[in-house]
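Written out below as structure tokens is the structure these notes cover.
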Amino acid sequence: MYSYNGVLLIKIFFSAGVYNMIDLRSDTVTKPSQAMREAMCRAEVGDDIMGEDPTVNRLEEFSADLLGFEAALFVNSGTQGNFLSVLAHCNRGEEVIAGKESHLIKWEAGGTAVLGGVCATPIDFELDGTLDLKKIKGSIKPDDQHFAITKLLALENTQGGKVLPLSYLEQASHLVKEHRLKMHLDGARIFNAAVFLNCPVKEIARFFDSVTFCLSKGLGAPAGSIICGNKDFIAKARRLRKMIGGSMRQSGIIAAGGLFALEHHVARLKEDHENASYLAQGLSQIKSLHGKVESHTNMVFVEVGAMGGRLAEFLYSKGIKIWAKETLRLVTHLDVSRKDMDRVIAAFQEFYSLLA
Ligand SMILES: *Cc1c(COP(=O)(O)O)cnc(C)c1O
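Here it is in structure tokens:
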């Protein structure tokens, strides 16, 4: 089934455009649409380090308004956004509390510790993507020479596709105020959360001192993220961005893709959520797939155990890209359709019927 000739033939099929590749590895894989490219092409630009790029300025103002903050900063990536936010909140020897599996702690190469001297106290996420308030409280250090100074709590929303309840955010914000901490949101997918809750994104953002979100995930822009906060915080983040070489000149060309995404691609995230639940529904009908299937916003999780590697290889032969894992994470986005979901379900069915 995996003969060399077979692979070759499949490659010829793809190059002939017989079918499109369906890439479910992440919502970062989307490519800018023709309309987005045209908006980027037409963008008015200037030197952003001199504050003179009108498109970057517009994107920053638009984002700050949308999330209900005084100011915003366009940055290279979500990783950079989190990094600058933590460093703008915390000095060396201070500490951030965050989820053990969070992007900030696990997936950013330890940047805040390595480059910023900021310690992290990781806490396990609960099943619903929240951090237990009692565990947070228990991690806040008293003023004692033995300890780093607790300064910041960082949450993630969505967390593994899960949307944090607004009531939880409110409780967390009370807790941090009580202890004079700041609260940051890694809102890489905050718009998925807002669309899921059917509320303005402000309703989520209002509990936080700072929020980062990605333009380059479900929103479909090629690159860039935004940090929102008050004026002083953003001024600090801007200086730090310069320090790490993250400031750019005529970056309006990229910012235009971000603006286009915020104007056209927010409401449609609902389609991604619907495609994810449709896919989960289809996969859960497969009798010999015994593992759990769940969907949260635009992500589907499928327990396939040791079968992951063979399954990924098989799906690839059908023009479907996934990461080979014991629990698959399949992500829907702008560049996959309902029809593609049918093709994915059919390919899973075929794989499991061949096994039986
Ligand atoms: C992707 C992601 C980031 C980082 O974004 P990059 O632009 O890839 O650096 C941060 N946090 C979360 C939760 C993410 O999913």
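Start counting the sequence shown at 212; every next residue gets the next number (the working numbering). Cβ atoms here follow ideal geometry from the backbone N, Cα and C, with glycine treated the same way. Since the model is a prediction, treat every value here as computed from it, not as a measurement.
D354 to I360, Cα distance in whole Å? The count along the sequence shown starts at 1 and reaches residue 354 at position 143. The count along the sequence shown starts at 1 and reaches residue 360 at position 149. Whole-angstrom Cα-Cα distance: 7 Å.
Does the stretch 433-448 come within contact of the stretch 272-289, defined as at least 3 CB pairs closer than 8 Å? yes
S506 to S488, Cα distance in whole Å? As a position in the sequence shown, residue 506 is number 295, starting the count at 1. As a position in the sequence shown, residue 488 is number 277, starting the count at 1. The straight-line gap from Cα to Cα measures roughly 6 Å.
Assigned exposure category for C410 - 16 Cβ within 10 Å defines buried: Position 199 of the sequence shown, counted from the start, is the residue given in the question as residue 410. C410 should be labelled exposed.
Say the cut is 6 Å; is the CB of S288 nearer than that to a heavy atom of ligand 1? Residue numbering aside, residue 288 sits at position 77 when the sequence shown is read from its first letter. Under cutoff, so the answer is yes.
What is the DSSP secondary structure of A416, reduced to helix, strand or coil? Translated into the one-based positions of the sequence shown, residue 416 becomes position 205. If DSSP states are grouped into helix, strand and coil, A416 belongs with the helices.
Presumed contact (8 Å Cβ cut-off) between L344 and L377, rounded CB distance: The residue given as residue 344 occupies position 133 in the sequence shown. The residue given as residue 377 occupies position 166 in the sequence shown. The Cβ separation is near 15 Å, so there is no contact.
Buried versus exposed, by CB contacts within 10 Å (16 or more), N293: Position 82 of the sequence shown holds residue 293. Result: buried.
Might you give, ordered along the chain, the residues of its own chain that have their beta carbon closer than 7 Å to the beta carbon of I464, omitting 5 neighbours on each side? Locating residue 464 in the sequence shown gives position 253, counting from the first residue. Closer than 7 Å at Cβ, skipping near neighbours: M251, A254 and V256.
Tell me whether the beta-carbon of A472 lies closer than 7 Å to the beta-carbon of G429. Indexing the sequence shown from 1 puts residue 472 at position 261. Indexing the sequence shown from 1 puts residue 429 at position 218. No. Outside cutoff.
What are the boundary residues of the alpha helix (DSSP H) that Q323 is part of? Within the sequence shown, numbered from 1, the residue matching residue 323 stands at position 112. Gln is not the amino acid found at residue 323; the sequence shown has Thr there. T323 -> alpha helix (DSSP H) spans G322 to G327.
Contact test: D397 Cβ vs ligand 1 heavy atom, cutoff 6 Å: For the purposes of this step, residue 397 is taken as residue 186 along the sequence shown, with counting starting at 1. True, at least one ligand heavy atom lies under 6 Å from that Cβ.
Please find out if some non-hydrogen atom of ligand 1 comes closer than 6 Å to the beta-carbon of C425. Mapped onto the sequence shown, residue 425 falls at position 214. Yes, since a heavy atom of ligand 1 falls inside the 6 Å radius drawn around the Cβ of C425.
Using only the heavy atoms of ligand 3, determine whether one of them is closer than 6 Å to the beta carbon of H314. Absent from the structure shown: ligand 3. Ligands present: ligand 1.
Assigned exposure category for T266 - 16 Cβ within 10 Å defines buried: Start at 1 with the first residue of the sequence shown, and residue 266 comes out as number 55. Classification of T266: buried, given that the 10 Å Cβ count is 16 or more.
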